[in-house]
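Protein chains: 2
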Amino acid sequence: MPRTTAIRHQLDSPAVSDQPVPIIGGTGALGFGVALRLARAGTSVVIGSRDAGRAAEAAARLEEQLPGADASGLVNDEATRTGPIVLLCVPFRNQSENLTNLKGALQPGQILVDATVPLAAAVSGRATRLLGVPQGSAGLQAAEMVPDGVDVVSALHTVSAATLNDLDHELDEDILVAGDSVEAKKRVAELIARIDGLRPVNAGRLEASKLIEGLTPLLIGINARYKTHAGIRITGLPAEELW
Amino acid sequence: MPRTTAIRHQLDSPAVSDQPVPIIGGTGALGFGVALRLARAGTSVVIGSRDAGRAAEAAARLEEQLPGADASGLVNDEATRTGPIVLLCVPFRNQSENLTNLKGALQPGQILVDATVPLAAAVSGRATRLLGVPQGSAGLQAAEMVPDGVDVVSALHTVSAATLNDLDHELDEDILVAGDSVEAKKRVAELIARIDGLRPVNAGRLEASKLIEGLTPLLIGINARYKTHAGIRITGLPAEELW
């Protein structure tokens with residue numbers, strides 16, 4: 001994709017691009033899909049799980065699907081220590097518990113990418129509805145819970161786990177990226193842009209996660225109605241230099 | 244646009260398509276832009292305003308911009324009586340007042356299309372933030388306030404007033420349409436699909452307006468950041484037969 005290539009070339013994060021990417025909740029559909037796509041782009045991925053065996057099994061499955069890929073599996077807190085950008089791809093019901101467990105593992109300077117969406121399904125409600133989160137959003141809850149010095153960036157809410165996992169499916173959609181550190185957002189944008197067909201768009205400060213997280217239940221409704229795996233695109237953006 | 248044409252042909256609303264479309268707040272940027280685009284599509288528009296003189300002036304201005312267009316201007320409650328689908332394009336600060344004033348004019352069987360967004364700018368806050376509305380959203384507030392028998396459909400939140408008003412600008416984006424009456428949504432979809440380059444997408448029940456209204460402050464932030472007039476597109480939808 002010339003578009004994502006252009007973005008990749010604008011960014012300059014040599015320290016990041018050669019590092020493994022830990023994915024907490026990497027055995028779940030979203031986390032595994034992101035792992036697959038990153039691995040296909042030549043990035044080493046570390047699949048995190050509560051269970052070391054399940055993590056290793058998922059990593060082996062990934063390498064089987066993608067010969068030549070570099071994937072390993074570790075329990076979540078060990079996975080967290082393996083790379084500077086940590087992806088959190090867990091259901092909202094488990095977000096707080098996971099962040100509590102990671103308090104000792106996350107280090108200042110790391111970036112936590114929160115992809116959590118507070119669907120009402122977390123409390124046996126509908127997946128087309130959003131819960132009210134005391135902090136305002138799942139992203140803001142994450143920011144409250146990470147150790148000092150860890151930047152939270154909110155992203156990956158609108159890309160479908162199903163299409164990520166279907167490597168024959170060509171992605172062509174945007175990822176809204178919100179966060180209070182411009183530098184952290186750029187590094188996350190560079191990571192996302194490695195995946196062919198995903199274009200990261202700067203959606204502003206972390207508080208915008210309140211608005212972005214609402215897209216997921218909206219798309220879940222659209223998916224049911226139109227029997228599809230929808231995503232979003234922002235129209236009217238310049239063709240290049242988004243970051 | 245073959246896409247919008249296809250949608251138009253799927254719908255069957257002869258009773259609607261030949262009727263004028265009243266636009267409450269039609270002298271404002273969004274209302275006037277929608278009026279312009281509908282008028283260019285051959286639809287008669289009735290521009291409503293609190294002030295009859297300003298309504299007439301806007302209608303004259305529209306006909307001057309678009310020779311052959313059919314536009315008239317009336318005070319809001321008179322405008323409301325002229326067509327079955329009434330567009331409400333007023334700032335959130337005035338939404339409640341307008342709906343109170345229209346209680347005697349709106350009749351059972353009419354459809355009110357609410358395009359209101361509760362931006363925090365309504366109370367001197369930021370346009371990139373959403374207010375909490377007691378009913379849950381501006382659309383739900385409208386539903387609480389209209390007379391019995393009037394269906395509220397929430398739509399037109401993401402299309403930029405600036406691009407609507409620039410007739411040289413080719414639109415190419417989606418409009419999320421939410422409402423509790425499927426029939427009313429279809430009629431509104433037919434109306435929106437008359438505008439070249441706008442594709443109406445069924446976004447579910449009226450409560451989805453909570454999620455959709457959040458797109459406007461998100462896009463306002465993106466507009467400022469990227470110096471553009473952004474809109475949205477849902478990816479992955481079938482090419483035709485959305486309604």
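Chains as they are written, first to last, in this note's numbering: chain A, 1 to 243; chain B, 244 to 486. Just so you know, even glycine gets a beta-carbon here, dropped at the ideal spot from N, CA and C.
7 Å Cβ cutoff, I475(B) in contact with chain A: Yes, because at least one Cβ of chain A sits closer than 7 Å to the Cβ of I475(B).
E456(B) versus L215(A): straight-line alpha-carbon distance, rounded: Roughly 11 Å between the two C-alpha positions.
Where the alpha helix (DSSP H) containing D77(A) begins and where it ends: It spans 76-80 - the alpha helix (DSSP H) in which D77(A) sits, taken as one unbroken run.
Cα-Cα separation, L206(A) to D180(A): Rounded to the nearest whole angstrom, the C-alpha separation of L206(A) and D180(A) is 5 Å.
Contact check, T82(A) vs P147(A), beta carbons under 7 Å: Taking 7 Å as the cut-off, the Cβ atoms of T82(A) and P147(A) do not count as close.
Chain-ordered neighbours of R468(B) on chain A, where CB pairs are closer than 8 Å: Result: N202, G204.
For L237(A), the three-state DSSP class (helix, strand or coil): Coil at L237(A), not helix or strand.
Interface partners of D172(A) on chain B, CB under 7 Å: What D172(A) touches in chain B: T478.
Interface residues of the segment 350-373 of chain B facing chain A [CB-CB below 8 Å]: If you check each beta-carbon in the segment 350-373 of chain B against every beta-carbon of chain A, the ones closer than 8 Å belong to T371, R372, L373.
Classification of Q141(A) by the beta-carbon crowding that lies within 10 angstroms, buried from 16 upward: By the neighbour-count criterion, in which a residue is buried when 16 or more other Cβ atoms sit within 10 angstroms of its Cβ, Q141(A) is buried.
Contact between the segment 44-57 of chain A and the segment 66-80 of chain A (3+ Cβ pairs under 8 Å): The segment 44-57 of chain A makes contact with the segment 66-80 of chain A: 3 or more CB pairs, one atom from each, lie closer than 8 Å.
Identity of the residue in R304(B), I418(B), F335(B), G392(B) nearest L485(B) by Cα: Considering only R304(B), I418(B), F335(B), G392(B), the residue with the shortest C-alpha distance to L485(B) is I418(B).
Neighbouring residues, chain B, relative to G221(A) (Cβ below 8 Å): Neighbours of G221(A) on chain B, chain order: A446, G447, A451.
When T323(B), E413(B), S452(B) are compared against A386(B), the one with the closest alpha-carbon: Of the listed residues, the one whose Cα sits closest to A386(B) is S452(B).
Assigned secondary structure, M1(A) (DSSP; H/G/I helix, E/B strand, else coil): In this prediction, M1(A) has a pLDDT of 35, which is less than 50 and means its spatial position is unreliable; what the coordinates show is noted afterwards. In the three-state reduction of the DSSP assignment, M1(A) falls in the coil class, being assigned neither a helical nor a strand state.
DSSP three-state assignment for L88(A), whether helix, strand or coil: Looking at L88(A) - three-state DSSP - the assignment turns out to be strand.
R173(A) (DSSP reduced to helix, strand or coil): Per the sequence shown, the amino acid found at residue 173(A) is Glu instead of Arg. E173(A) sits in a strand when the DSSP states are folded into three classes.
Burial state of I477(B) (16 or more Cβ within 10 Å): Counting the other CB atoms within 10 Å of its CB gives I477(B) a total of 16 or more, which places it among the buried residues.
Residue environment, L167(A), which counts as buried when at least 16 other CB atoms sit within 10 Å: Classification for L167(A): exposed.
N-terminal and C-terminal residue of the beta strand (DSSP E) that S154(A) is part of: Unbroken beta strand (DSSP E) run through S154(A): 151-154.
Residue-level contact to chain A via CB, T343(B), 7 Å cutoff: So, not an interface residue.
Sub-7 Å separation of L30(A) and A161(A) beta-carbons: Yes, the Cβ-Cβ distance between L30(A) and A161(A) is below 7 Å.
Coarse secondary structure for G352(B), derived from DSSP in three states: Here G352(B) sits in coil by DSSP.
Opposing strand residues paired with S72(A) [DSSP bridges]: Note: S72(A) sits in a beta bridge opposite V46(A).
Within chain B, the residues that H157(A) reaches when beta carbons sit closer than 8 Å: For H157(A), none of the residues of chain B pass the 8 Å Cβ criterion, the least Cβ distance being about 12 Å.
Cβ of G197(A) within 7 Å of any chain B Cβ: Not one chain B Cβ lies under 7 Å of G197(A).
Spatially closest choice to E183(A) from V153(A), D196(A), G221(A), by CA coordinates: Closest by alpha carbon: V153(A).
Test: L461(B) CB closer than 7 Å to a CB of chain A: Answer yes: the Cβ-Cβ gap between L461(B) and chain A drops below 7 Å somewhere.
Beta-bridge pairing of A421(B) - partner residues as DSSP gives them: In DSSP, A421(B) forms a bridge with S397(B).
Which listed residue (G26(A), G68(A), Q65(A)) has its alpha carbon closest to that of A55(A): Comparing Cα-Cα distances from A55(A) to each of G26(A), G68(A), Q65(A), the minimum goes to G26(A).
Contacting positions in the segment 131-147 of chain A - beta carbon closer than 8 Å to chain B: Of all residues in the segment 131-147 of chain A, none comes within less than 8 Å of chain B when Cβ atoms are compared.
Given 8 Å, three or more beta-carbon pairs between the segment 323-337 of chain B and the segment 347-359 of chain B: The segment 323-337 of chain B makes contact with the segment 347-359 of chain B: 3 or more CB pairs, one atom from each, lie closer than 8 Å.
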